[in-house]
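Notes to accompany the following structure.
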Amino acid sequence: MSSFGRRAAKEHGKSMGVSGVWEELEFQTCLLKVGVRYLIGGSDTGYVLSAGWADVRRLPELKLSSHNGCAGTSTRRDNAVSLCSRR
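Taking the working numbering, the leading residue of the sequence shown gets -17, the next gets one more, and so forth.
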């Protein structure tokens, strides 16, 4: 890691950061030792996708009943719409 990145960040009041370095503990340690202060092991896309898949995996747990539908949902939605339309 060049000292140019550290120097440039410091001169502009910023912290040097790196992302996308996962499963490489030795390299992550090296980056932290040379001054990286913002380190993300994965990528933002990977984090968003993993959260989405977690939601999908929970869908089978939903307890559906044909007799009550979404009780109260339309009332809350209507109240929110009416509050927003007054502005």
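Think of the CB as a built atom: it goes at the ideal place given N, C-alpha and C, for glycine as much as any other residue.
Item                                                                                        : Value
Simplified DSSP state of LEU21, which is helix, strand or coil                              : strand
LEU31 vs LEU21 beta-carbon contact at 8 angstroms                                           : no
Contact set for VAL38: own chain, Cβ-Cβ below 6 angstroms, skip 5 residues either direction : none
ARG19 versus HIS(-6) - alpha carbon distance                                                : 15 angstroms
Rounded Cβ spacing between TRP4 and GLY34 (contact assumed at less than 8 angstroms)        : 18 angstroms between Cβ atoms; not a contact.
C-beta atoms of GLY28 and MET(-2) nearer than 8 angstroms                                   : no
Identified DSSP bridge partners for GLY2                                                    : Partner(s): none; GLY2 has no beta bridge.
Continuous alpha helix (DSSP H) stretch holding GLU43: start and end                        : Looking at the DSSP string, GLU43 is not in any alpha helix (DSSP H), and its letter there is neither H nor E.
Rounded C-alpha distance that separates LEU41 from THR11                                    : 39 angstroms
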